[in-house]
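Going by mature numbering (1 follows the signal peptide of the UniProt record, and there is no 0), the letters in the sequence shown line up with residues -29 to -1, 1 to 114, in that order. This report concerns only the one structure given below.
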Amino acid sequence: MCKKIFLKIPLSLLLSGLFLLCVATPSLAQQDVDHKKIVPTGQWVDSRKSFFNWQPIFLHLRTGHERALMMPEPVRLSNEEHKSAGYELDISEDVVRFYPKNHFDRESIRLTGLNTGTQFLLRVRSSAYGIRQPLQVFQGEFK
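Structure representation (structure tokens):
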């Protein structure tokens, strides 16, 4: 026959654990990172790969760590006045570098290809769980 097993956890211990979880999580999520302390990309053996097929390119950045995005052609910001409180951006030919200073929700960035005029839409966000590995974008489709 089946026996039911119940763990007896004191209610005060359970409530104090929930309280600590609620108090600590928002304060960790709102910590700013000093731009001078942002960890550079460094050397990676391989990069992630993505094919641009006229859909948005999603980037999840890790707060406090630089991340590079290699585009299929040289690009520029479509909106030169684009500003974000959450990160800094550096574009050098076909390499876009992100320097996320603090956590932020998804933002849209539009880049224009200098050779073809292609509009690349990026959807960018940052958190402590983001990805550091560079992303290489190819024009075309998976084969």
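Even glycine gets a Cβ: it sits at the ideal position worked out from N, Cα and C.
Sorted by chain position, which residues of the same chain lie with C-beta nearer than 6 Å to Arg19's C-beta, five sequence neighbours on each side aside?
Gln104, Leu106
For Phe91, does the count of other Cβ atoms within 10 angstroms reach 16, so buried, or fall short, so exposed?
With at least 16 other beta carbons inside 10 angstroms of its own, Phe91 counts as buried.
Could you say if the segment 44 to 55 and the segment 18 to 32 meet the contact criterion of at least three C-beta pairs nearer than 8 Å?
no
Is it buried or exposed for Ile102, if we count other Cβ within 10 angstroms and need 16 for buried?
exposed
So what does DSSP say about Tyr100, is it helix, strand or coil?
coil
Alpha carbon to alpha carbon, how far is Ser97 from Ile28?
14 Å
Taking Tyr100 as the reference, which of Arg94, Phe23, His36 has the closest Cα?
His36
Taking just the CA atoms, how far does Gly57 sit from Leu40?
17 Å
Using the three-state DSSP reduction, which class does Leu106 fall into: helix, strand or coil?
Of the three classes helix, strand and coil, the one that applies to Leu106 here is strand, per DSSP.
Determine the DSSP secondary structure at Thr83, reduced to helix, strand or coil.
strand
If you draw a straight line from the alpha carbon of Pro45 to that of Gly84, how long is it in whole angstroms?
Distance between the alpha carbons of Pro45 and Gly84: 6 Å.
Which residues in the same chain have their Cβ closer than 8 Å to the Cβ of Ser21, if we skip the five residues on either side of it in sequence?
Taking C-beta separations shorter than 8 Å and ignoring five residues to either side along the sequence, the partners of Ser21 in its chain run Ile28, Leu106, Gln107, Val108, Phe109, following chain order.
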